[in-house]
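In terms of this note's numbering, the sequence shown opens at residue 504 and continues consecutively.
For glycine and all other residues, C-beta sits at the position ideal for the given N, C-alpha and C.
Contents: one structure, followed by commentary.
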Amino acid sequence: MSVRIDVVLVRPKEDGNVGAVARVARNFGAERLTLVAPRARVGAEARRRAMGGLEILRGARRLPAVSDATRDADLVVGTTDLSTGRSTAYLRRSVSPERLGEVLRTVEGRVALLFGPEDNGLSREELAGCDLLVHIPARREFPTLNLSHAAGIVLYAVHRARGPTDPESTPAPETLELNGREKELFLERLTELLTRIGYPAHKRRGLILLFRRVLGRSTPTEAEYRMMLGLFKSLGRAMDRGSSHGRK
């Protein structure tokens, strides 16, 4: 993935948000930060919040208009807190962050990712100038996210679309393989244990089904199954020892 991401903050209002955006831009590999007509001072609070993104913050461009910030962009992506599925409402037609990641995964060029000001977002004119809009689904009664949170979600989705083999990314969580054989062996050993302890026969079927559903939801690893099977083996040995002592 050789797409280059410019994060463009349009008329940002809060120092802390600017710094926090610089930090997540560094987290997820954005190349550049641009501030369009910023109302924030971009002072000590911004620097404090930027942390490891301080270099990006210090190198941020300050430009008077969105057109200046997007002049060298091959694709302009705007963010909106409102979205509609109506075919005639093209101004607010948008994609999800995940879909944006898929779109950008196989393209080359420079992408300007626009975020509007904290109080009222991008204007209608600014949205109309975007090639693509992205919307983060949220609760209908309160769909507006904090600026830095929105930037983090969108940048994360774009970053994750690079795939698990991206050398510039920290390792993704390992893929869990389903272990049907170990699952059935676990249920078999559980049935044997229930029989040995005298668990009521008419209740066993329901309990085994319950465990099958629990295991299906939790998808244990092979190592976890083996540990649980080891517990059953230990319980069986303990019961054998108890039986032999009783006979004596």
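Beta carbon proximity, residue i to chain B, threshold 8 Å
i	result
Pro-620	Reference to chain B is not applicable here, since this structure consists of a single protein chain.
Exposure of residue i, with buried meaning 16 or more beta-carbon neighbours within 10 Å
i	result
Ala-568	exposed
Asp-509	buried
Asn-520	buried
Arg-526	buried
Phe-645	exposed
Pro-600	buried
Ala-523	buried
Val-545	buried
Leu-810	In the structure as shown, the chain begins at 504 and stops at 751. Residue 810 is therefore absent and cannot be evaluated.
Leu-512	buried
Pro-515	buried
Alpha-carbon to alpha-carbon, residue j and residue i
i	j	result
Ala-704	Ala-726	30 Å
Thr-647	Ser-597	15 Å
His-652	Tyr-659	10 Å
Ala-664	Ala-576	20 Å
Val-614	Ala-631	16 Å
Leu-738	Tyr-702	15 Å
Ser-626	Gly-555	31 Å
Ser-590	Ser-570	Unreliable placement is indicated for Ser-590, whose pLDDT of 46 sits below 50; the coordinate value is still reported in the next sentence. Computed Cα separation, rounded: 27 Å.
Glu-628	Arg-552	31 Å
Ala-572	Glu-605	24 Å
Nearest candidate by alpha-carbon position, reference residue i, set the options
i	options	result
Glu-691	Gly-555, Gly-604, Leu-732, Ala-615	Leu-732
Ala-636	Leu-512, Val-579, Asp-743	The sequence shown places Leu at residue 636, not Ala. Among Leu-512, Val-579, Asp-743, the Cα nearest to that of Leu-636 is on Val-579.
Arg-720	Arg-744, Lys-686, Leu-697	Lys-686
Gly-655	Arg-529, Leu-713, Gly-555, Arg-643	Arg-529
Leu-538	Gly-562, Arg-729, Ala-553, His-662	Gly-562
Thr-582	Leu-566, Asn-649, Arg-643	Asn-649
Gly-666	Thr-609, Gly-619, Phe-618	Thr-609
Phe-531	Thr-724, Arg-574, Ser-746, His-662	His-662
Where residue i sits in the DSSP three-state scheme
i	result
Ile-656	helix
Thr-698	helix
Asp-509	strand
Leu-635	strand
Asp-622	coil
Ala-704	helix
Leu-690	helix
Arg-756	In the structure as shown, the chain begins at 504 and stops at 751. Residue 756 is therefore absent and cannot be evaluated.
Arg-665	coil
Arg-514	coil
Leu-648	coil
Next item on the list: Give, in chain order, every unbroken run of the alpha helix (DSSP H) that is at least 4 residues long and sits entirely within the stretch 558-620.
Entry: 569-572, 600-608
Item checked: Sequence ranges, alpha helix (DSSP H) only - wholly within the stretch 516-553, length at least 4 -> The stretch 516-553 contains these whole alpha helix (DSSP H) runs: 518-530, 547-553.
Margin query: Give the list of continuous alpha helix (DSSP H) stretches no shorter than 4 residues that lie fully inside the stretch 702-744.
Written below: 704-721
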